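A short write-up of the structure that comes next.
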Amino acid sequence: MSQADLWRPGDKPEPRAPQGKVTLPPEVWKTIKEGVDGLDKELRELSLDISAHPELKFEEHHAHDVMTEFMSKKGFEVKKHHLMDTAWEAKYTHGKGGRTIGVNSEMDALPGVGHACGHNLIAIAGVAVACAIKDTFVKHNISGTVVLLGTPGEEGGGGKVILIKKGAYEVMDACLMCHPAPGPPLSASLSGCLAIQRLIVEYHGHTAHAALSPWEGQNALDAAVSAYNSIALLRQQVKPSHRIHGIFEGKDWAANIIPDYAKMFWYVRGETWADVQALVPRVKNCFEAGALATGCRVEVNDGGSTFDLRQNKGLGDDFKQVFESDFGPIDYEWGIKSASTDFGNVTYALPALHPGFGIPTEPQGGNHTRAFTKSAASPEAHIATLNISKALAATGVRVVTDDQFFAEVRNTFEADCRLRETAEKTVQ
């Protein structure tokens with residue numbers, strides 16, 4: 022039984038005794054909670070608006086416009102079309118000096134199923150965190166900056182990877198965001214995510230009459246099918262945490278013509294980027310085998326990659342204390358552990374945190390299903406989003422105000438960098 026099987030829309034979480042302790046002064050924690058609660062109705066409207074206007078990667082024009090307008094009204098300095106057409110930045114600085122805490126909002130939907138990964142919730146979570154931090158800076162006269170980055174194209178586009186290369190994260194000392202997944206609405210997860218390499222595979226053959234003279238043809242579809250079956254056999258000899266999955270595409274196909282072209286898209290995933298680097302050559306061998314078996318020519322091109330998600334332990338430990346103080350338990354196994362995100366690259370670039378949070382779902386209604394689209398628009402999901410936003414805002418404020426804590430965060434990040442470098446050298 023999975024965590025998703027334990028909760029359904031309408032379920033009421035049981036009261037629980039606090040398990041953690043907020044590390045901020047009580048009056049600061051109160052300001053954060055009141056700030057998020059004060060935006061409840063507006064955030065709900067914004068979430069439902071984005072959900073009702075699903076837009077695919079790099080086409081998030083409506084979300085871009087409504088979110089930048091919202092942040093402008095909240096007193097942020099907004100840059101529309103920031104570095105990318107549908108990316109944007111909202112910044113607020115109070116006082117002089119101080120650190121800069123970054124926050125991310127995702128906006129894109131999925132083909133055919135809308136906001137089936139809950140990016141409408143991620144969008145408003147970023148807004149809630151940034152606004153609560155701004156209010157706290159002002160009320161308690163804290164010097165610092167909060168930057169909310171609207172990041173397009175997470176679903177297969179690697180929007181954050183592009184933004185990293187363009188320097189969007191260079192101003193940040195640390196970065197925060199969150200992601201919904203099936204589970205109790207008073208729960209969160211600090212699991213990692215898988216690294217991924219996307220591959221575009223094209224086979225070129227030769228047409229022929231499929232009945233009259235099939236021996237004259239070189240069947241590109243057969244090449245693709247052969248590769249698909251080879252990968253199916255390969256799966257038996259890979260780690261349980263590895264994921265290899267793909268789809269076919271074609272053009273001008275007819276049953277009485279030997280296809281001279283076939284295209285496939287493949288995702289290769291592993292727990293670490295080093296794992297993916299070791300697995301990809303084995304997958305490419307399957308593509309080559311399909312070409313050899315059919316006499317076709319194969320082209321394999323890079324479809325983009327993202328790194329594994331490395332939760333910063335310093336940030337995660339503080340978030341855990343805060344979340345468990347008022348809301349619910351933290352685990353390290355649920356959430357979106359076997360998925361992938363371009364925020365993984367952010368965690369390689371600077372200290373960052375990306376907790377998952379539970380929302381009630383229908384049976385077999387997890388992420389990337391039509392049922393999850395409906396769940397992500399539910400009142401229970403909205404409340405869960407507000408809760409995790411409060412905890413993330415508290416951790417963000419501590420990054421800015423606590424020198425010793427931030428030193429621990431940096432030390433954790435640098436230790437992670439050394440471990441990654443060692444792992445990557447083993448596959449070179």
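Residues in the sequence shown are numbered consecutively from 22, following this note's numbering. All C-beta atoms in this analysis are idealised placements derived from N, C-alpha and C, irrespective of residue type, glycine included. This one's a predicted model, so the numbers in the text were calculated from it and none came from an experiment.
Counting along the chain, the unbroken beta strand (DSSP E) around R264 starts and ends at 264-270. Taking the Cβ atoms as the reference, W109 lies roughly 6 Å from K100, within the contact range of under 8 Å. It is roughly 12 Å from the alpha-carbon of H74 to the alpha-carbon of V134.
With a contact defined as Cβ atoms closer than 8 Å, L77 and A130 qualify at about 6 Å. For K51, the closest C-alpha among the options D423, V420, A412 is that of A412. In the DSSP secondary-structure assignment, K51 is not bridged to any residue. Around the beta carbon of K260, fewer than 16 other beta carbons sit within 10 angstroms, so the residue counts as exposed. Per DSSP, reduced to three states, the secondary structure at Q332 is coil, with no helix or strand assignment.
Going by DSSP, Y224 is part of the beta strand (DSSP E) stretching over 216-225. The shortest C-alpha to C-alpha distance from F393 to any of N141, E63, G59, L104 is the one to N141. When the alpha-carbon of T114 is set against those of T157, E237, E55, L300, the nearest one is in T157. Y224 is the residue among Y224, M285, L336 whose C-alpha sits nearest the C-alpha of T315. One alpha carbon belongs to T416, the other to R65, and they sit about 23 Å apart. Note that the C-beta distance between Q342 and V150 is not below 9 Å.
Judged by DSSP in its simplified three-state form, V167 adopts strand. For H74, the secondary structure class from DSSP, reduced to helix, strand or coil, is coil. T172 and I143 have their C-alpha atoms some 11 Å from each other. Take H389, set aside five residues on each side of it, and the residues of its chain with a beta-carbon closer than 8 Å to its own are L131, V134, A137, C138, in chain order. Contact holds between the segment 359-379 and the segment 171-188, because three or more Cβ pairs, one in each stretch, are under 8 Å apart.
In this structure, I53 lies away from A195, with their beta-carbon atoms at least 9 Å apart.
The Cβ atoms of G123 and V167 lie closer than 9 Å to each other.
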